[in-house]
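What follows is a short report on a single structure.
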Amino acid sequence: MQPLEWKKAAGAEAEPSAVHPHSLEPGEKRQYVCDVCHKQFKQSSELVRHRRTHTGERPFVCDTCGKEFAQKANLTKHVRTHTGEKPFVCDICGREFTQKESLKRHLKTHTGERPYVCDTCGKEFAEKQNLTTHVRTHTGEKHFACDTCGREFSRKAHLEKHLKTHTVERPCVCDICGKCFADGGNFKRHVAIHNGGRRYPCSVCGKTFKQKCHLMDHYRIHTGEKPFVCDTCGKEFNVKGNLTTHARTHTGEKPFACDICGRKFRQKIDIERHLRTQRGKSKYVCDVCHKQFKKKSDFERHYRIHTGEKPFACDTCGRNFSRKGDLEKHLKTHTGERPYVCDTCGKEFTVISNLTRHARTHTGEKPFACDTCGREFSRKENLERHFSTHTGKRQYVCDVCHKQFTQKSSLVNHCRIHTAEKPFVCDTCGKDFVNIECLNTHMRTHTGEKPFVCDTCGKEFVNIKNFNKHMRTHTSEKPYVCEICRRRVFFY
1 MQPLEWKKAA GAEAEPSAVH PHSLEPGEKR QYVCDVCHKQ FKQSSELVRH
51 RRTHTGERPF VCDTCGKEFA QKANLTKHVR THTGEKPFVC DICGREFTQK
101 ESLKRHLKTH TGERPYVCDT CGKEFAEKQN LTTHVRTHTG EKHFACDTCG
151 REFSRKAHLE KHLKTHTVER PCVCDICGKC FADGGNFKRH VAIHNGGRRY
201 PCSVCGKTFK QKCHLMDHYR IHTGEKPFVC DTCGKEFNVK GNLTTHARTH
251 TGEKPFACDI CGRKFRQKID IERHLRTQRG KSKYVCDVCH KQFKKKSDFE
301 RHYRIHTGEK PFACDTCGRN FSRKGDLEKH LKTHTGERPY VCDTCGKEFT
351 VISNLTRHAR THTGEKPFAC DTCGREFSRK ENLERHFSTH TGKRQYVCDV
401 CHKQFTQKSS LVNHCRIHTA EKPFVCDTCG KDFVNIECLN THMRTHTGEK
451 PFVCDTCGKE FVNIKNFNKH MRTHTSEKPY VCEICRRRVF FY
């Protein structure tokens, strides 16, 4: 890279860094031109800052974590993630922010201002950038192309990540598997996988991690630091991945598309789950309820719902289960093992599906959308329940008592009344339940979680039934009538 040069915009020869006023024409304003991309600047300091985008120079270093920045202003903003300083305060609600831009975006949540509207679907956005990203979900437009292989991307961040795959020089070679790495840090992390090493211990709780970045994410559980802020609504996150997932609830972006049916998803885990339903044809059909299965093992597991067979027994307490997976989950109630940990709040789970479902309470993600009205849900069973409001059909019939249901899941839950099956087991105390809603409500007796909050007085409730009862104390609604005296009451 050539030494820094400043040039006059009029195309004059390169001049020294200190351009004297007498070298200018009368009334002419001094301008500085980048000798790499020819962009023009009115002040020399602007050119100096800009030039660092070409040289990669980052002269401003954080004393706490060593992170480097090209501009002093960015370092100042970053330092606040360590100090906790939030100098920008909302006059309306008192909420504080580390950056002025975040406060400006937050203020729009009070005014309701969403000036940027999608011409295709009418969705409104508070920020132009979010509209631009959203529009690409309709057009399929991919502005950012890789100069090496021609692959195109809809977002600049995705292109930058991809470009790293073309690095030619990879001097670090793993002696065990032969894999090559251009970066020494990635190489060390890779070797730790072979060694089974966990080299980064938490100074607070002693938990160890294979990668330093994972330790830093974990450490924020103890400090309460949430440096990743949503530009749209101001919600804060302690893990960048959770912010990325959450941001898609504003932009409508669904970057993961199914090659078979074209359906799009916000998270990689959702498309992986979906693809399992698309590949292959069903070969095994249940002669009781006619449900179809691709694998014999899935069919045999399902058939036990009808027979009531429970071939898997716990050696510790003797309890029987119809599925091996349920036994494995139950065994953890004896060992206390909870290997799946939420990066945001530190809550631990025995199975990954419970962690995935729990994570949505932090990200606000709702991956299940109604094809009819577009309403979104965080859980599949809630979408299925909602969908019946459009169809009004009761197409699922119980073979035993002939009761009809609008949802297949409701029929499955009902059938357990006849089979006495209770497949949903509490990881903490071992109590079992007919359906997952009952299990989820029960789990709150262990966690203390009260997700239903009264907007009027702030009182919290474990289940929606008690919440609805409470709300009537504010609305004075009396929906129940005594058959004897005809007096109306709050509760039944």
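Just so it is clear: in the sequence shown, position 252 is 252 by full-length UniProt numbering, and no numbers are missing. The beta carbon of each residue, even a glycine, is placed where N, CA and C say it ideally should be.
For residue i, three-class secondary structure by DSSP
i	result
GLN404	strand
VAL288	coil
GLU141	coil
ASN435	coil
ASN238	coil
GLN31	coil
LYS156	helix
LYS264	strand
GLN129	helix
VAL453	strand
THR251	helix
ASN320	strand
THR208	strand
ASP96	Correcting the residue identity first, residue 96 is Glu in this sequence and not Asp. In the structure shown, GLU96 sits in a strand (DSSP, three-state: E or B).
ALA70	coil
ALA257	strand
VAL117	strand
VAL341	strand
GLU384	helix
ALA313	strand
VAL462	coil
GLU348	strand
PRO359	One detail in the question is off: residue 359 reads as Ala in this sequence, not Pro. Helix.
VAL397	strand
VAL36	coil
GLU124	strand
GLU272	helix
GLU376	strand
Of the residues the options, the one placed nearest residue i, counting alpha carbons only
i	options	result
HIS82	CYS118, HIS402, ASP119 and GLU225	GLU225
ARG220	GLU236, ILE176 and THR232	GLU236
ARG266	THR244, LEU275, HIS362 and ASP287	THR244
MET443	HIS362, CYS429, GLU127 and ARG80	CYS429
HIS362	ALA369, CYS342, THR372 and GLN71	CYS342
GLU384	LEU411, VAL397 and VAL400	LEU411
LYS366	THR356, VAL288 and PHE377	PHE377
LYS108	PHE433, ILE92, LYS347 and THR419	ILE92
ALA420	CYS426, LYS408, ASN435 and SER409	ASN435
VAL36	ARG52, SER44 and LYS42	ARG52
PRO255	ARG338, THR223 and SER154	SER154
CYS146	LEU163, ARG136, HIS138 and GLY140	LEU163
TYR396	TYR32, CYS415 and LYS380	CYS415
residue 494	ASN382, HIS446 and LYS324	This structure does not reach residue 494, given that the chain is present from 1 up to 492, and the question cannot be answered.
GLU449	LYS347, HIS54 and LYS422	LYS347
CYS289	TYR116, HIS402, CYS438 and HIS446	HIS402
LEU439	PRO423, VAL453 and PHE452	PRO423
HIS418	ASP427, ASP399 and LYS408	ASP399
LEU103	ARG114, HIS110 and CYS90	CYS90
LYS128	ASN242, THR232, HIS138 and PHE368	THR232
LYS212	CYS65, LYS459, THR447 and ASP427	CYS65
GLY112	GLU124, PRO87 and ARG151	GLU124
Where residue i falls, given that 16 or more other Cβ within 10 Å makes a residue buried
i	result
GLN404	exposed
ALA359	buried
ARG71	Note that residue 71 is Gln in the sequence shown here, rather than Arg. GLN71 should be labelled exposed.
HIS106	buried
GLN292	exposed
ASN466	exposed
ALA126	buried
HIS474	exposed
CYS34	buried
ILE176	exposed
HIS246	buried
PRO3	With a pLDDT of 43 at PRO3, under the threshold of 50, the modelled position of this residue cannot be trusted, and the question is left open.
HIS134	buried
CYS482	exposed
SER322	buried
ASP270	buried
Residue i: CB within 7 angstroms of a non-hydrogen atom of the ligand GDP
i	result
LYS294	Absence of the ligand GDP from the depicted structure is noted, as is the absence of any ligand whatsoever, leaving it without description.
Closer than 8 angstroms to chain C by CB, residue i
i	result
THR223	In the displayed structure, chain C is absent; only one protein chain is listed.
- Cβ pair count under 8 angstroms reaching 3, the region 243-259 against the region 346-353: By the criterion of at least three beta-carbon pairs nearer than 8 angstroms, the region 243-259 is not in contact with the region 346-353.
- Can you find at least 3 beta carbon pairs, one from the region 327-334 and one from the region 200-214, that sit closer than 8 angstroms? no
- Query: If we count Cβ pairs, one from each stretch, closer than 8 angstroms, do we get three or more for the region 311-321 versus the region 294-302?
  - Reply: Contact fails: fewer than three Cβ-Cβ distances are below 8 angstroms.
- Any chance the region 92-104 sits against the region 65-81, with 3 or more Cβ pairs inside 8 angstroms? Yes: at least three Cβ pairs fall under 8 angstroms.
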